[in-house]
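Chemist: The following block contains the structure, expressed as structure tokens.
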Amino acid sequence: MSPEPLLAVSGLVKSFGGLVVLDGVNFHVMPGEILGLVGPNGSGKTTCINVITGLYKPQAGSITYRGRAVGGLPSHRLVHLGINRTFQVPKPFLPLTVRQNVEVAAAYGRPDDLAVDIDALLASVGLDGHAGKPAAALNSIQQKMLDLARALATGPRLLCVDELAAGLNPAELDGVAQKLRDLARGGMGLLVVEHLMGFIDQVTDRVIVLNAGREIFEGVLAEAVRDRQVVDVFLGTDHDD
Ligand SMILES: Nc1ncnc2c1ncn2[C@@H]1O[C@H](COP(=O)(O)OP(=O)(O)O)[C@@H](O)[C@H]1O
Ligand SMILES: [Mg+2]
């Protein structure tokens, strides 16, 4: 018997007004797997995470997490079930310290009363030495790392990561890649949205390529870059600059 997916989405649809942003998206994430979600700007990657994590309700389709239908549940319920995410543009509580930001997440986001070792968590994302600073004093990359620490403080089994690597230097990229691989090795499933293909190559087991709200490829990145449709979407007339 094949193991049960951690997350399975099927026929996911979300539109804003007349704009269909997710047009019947299907994929799954296994426990311990890192699935990359790539695609041009505006292809629906963030919206996909927003729907899976309860910011928006799906208009059609199903979201199954550990065998349970969770589509449309609010974010705080999903966090307690073990689904959390980082944001493309993090919004920490700016006047609170770095430590307090993580404490709030741990206090409200965990389904159990297990103590979180906040110092170890901050050290694991490179924020040791910053714990007492207000979040407002962090640069944008440090705020992304705080966002990751905040998500991890809730003890997720499924973590969706939205463009965490943008702006990191090579050493920082290696550190974050290592961190995500370590999390997956511990059994967590990860959905990783990223534009940096080197990073995607380094961390993912498999990728889905989205274009205009539909998946046009599913498989390993090495094959995606040889796929005609994928190449056209990234290099053809469809790029958005
Ligand atoms: N809350 C929203 N209201 C209206 N349109 C939105 C909203 N969120 C996303 N969109 C639109 O949906 C499309 C996909 O956006 P997004 O999911 O952010 O793409 P990606 O993350 O792949 O760049 C874009 O055209 C975007 O403008
Ligand atoms: Mg996005």
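Take the sequence shown: its letters are residues 0 to 240, numbered as in numbering that gives the first Met the number 0.
Glycine is no exception: its CB is placed at the ideal position from the N, C-alpha and C atoms.
Because the structure is a prediction, the values reported are computed rather than measured.
Using three-state DSSP, classify A223 as helix, strand or coil.
Modeler: DSSP places A223 in helix when its eight states are reduced to three.
Chemist: Check L69 in the structure and name its three-state DSSP category.
Modeler: Strictly speaking, residue 69 in this sequence is Val, with Leu absent from that position. The answer is coil: DSSP assigns V69 none of H, G, I, E or B.
Chemist: Let me check you understand the geometry: is the CB of T45 closer than 7 Å to at least one non-hydrogen atom of ligand 1?
Modeler: True, at least one ligand heavy atom lies under 7 Å from that Cβ.
Chemist: Have a look at L121 and L145 and give me their C-alpha separation to the nearest angstrom.
Modeler: One C-alpha to the other measures close to 8 Å.
Chemist: Is the beta carbon of D161 within less than 7 Å of some heavy atom of ligand 4?
Modeler: Of the ligands one can find in the structure shown, namely ligand 1 and ligand 2, none is ligand 4.
Chemist: What whole-angstrom Cβ distance do I199 and V206 have, given they're in contact under 8 Å?
Modeler: Between V206 and I199 the Cβ distance is about 6 Å, and since that is below 8 Å, they are a contact.
Chemist: When burial is assigned at 16 or more other CB atoms within 10 Å of the CB, is C47 buried or exposed?
Modeler: So C47 counts as buried.
Chemist: Taking 8 Å as the limit between beta carbons, can you name the residues of its chain near H238, skipping five residues before and five after?
Modeler: Low confidence applies here, because H238 scores a pLDDT of 47, under 50, leaving its location unreliable; read the following figure in that light. The answer, listed in chain order, is P39.
Chemist: Would you please state the rounded distance, in angstroms, between the beta carbons of V97 and L72? I believe it to be under 8 Å.
Modeler: Actually they are not in contact, since the Cβ atoms of V97 and L72 sit about 29 Å apart, beyond 8 Å.
Chemist: Just the C-alpha distance for D240 and N210, rounded to the nearest angstrom, thanks.
Modeler: At D240 the pLDDT is 49, less than 50, meaning the model places this residue with poor confidence; the figure from the coordinates comes in the next sentence. Answer to the nearest angstrom: the Cα atoms are 16 Å apart.
Chemist: Return helix, strand or coil for D237, following the three-state DSSP convention.
Modeler: Because D237 carries a pLDDT of 45, less than 50, the predicted location of this residue cannot be relied on, and the following value inherits that uncertainty. In this structure, D237 counts as coil in the three-state DSSP scheme.
Chemist: Classify R227 as buried or exposed, calling it buried when 16 or more other Cβ atoms lie within 10 Å of its own Cβ.
Modeler: The residue in question, R227, is exposed, as its Cβ has fewer than 16 Cβ neighbours within 10 Å.
Chemist: To which residues of the same chain is A104 closer than 6 Å at the C-beta, ignoring the five residues directly before and after it?
Modeler: R149, A152, T153.
Chemist: Are G43 and V20 closer than 8 Å when you measure CB to CB?
Modeler: In contact: G43 and V20 (Cβ atoms closer than 8 Å).
Chemist: Under 8 Å Cβ to Cβ from P259, same chain only, skipping five residues before and after it: list those, please.
Modeler: With the chain covering 0 to 240 only, the question about residue 259 has no answer from this structure.
Chemist: Could you tell me the boundaries of the alpha helix (DSSP H) in which S42 lies?
Modeler: Segment: none, S42 is in no alpha helix (DSSP H) and carries neither H nor E.
Chemist: Locate the beta strand (DSSP E) running through K13, then write down its first and last residues.
Modeler: 6-15 is the span of the beta strand (DSSP E), which, as asked, contains K13.
Chemist: Does L18 come out as helix, strand or coil in the three-state DSSP assignment?
Modeler: It is a strand residue.
Chemist: Kindly indicate the opening and closing residues of the beta strand (DSSP E) around R242.
Modeler: Missing from the structure shown is residue 242; the chain here goes from 0 to 240 and no further.
Chemist: Could you check where the alpha helix (DSSP H) with V88 kicks off and where it finishes?
Modeler: Element bounds for V88: n/a, residue is neither H nor E.
Chemist: Are there any heavy atoms of ligand 1 lying less than 7 Å away from the beta-carbon of L18, as far as the coordinates show?
Modeler: True, at least one ligand heavy atom lies under 7 Å from that Cβ.
Chemist: Tell me the DSSP secondary structure of A176 in three-state form.
Modeler: Helix, per DSSP.
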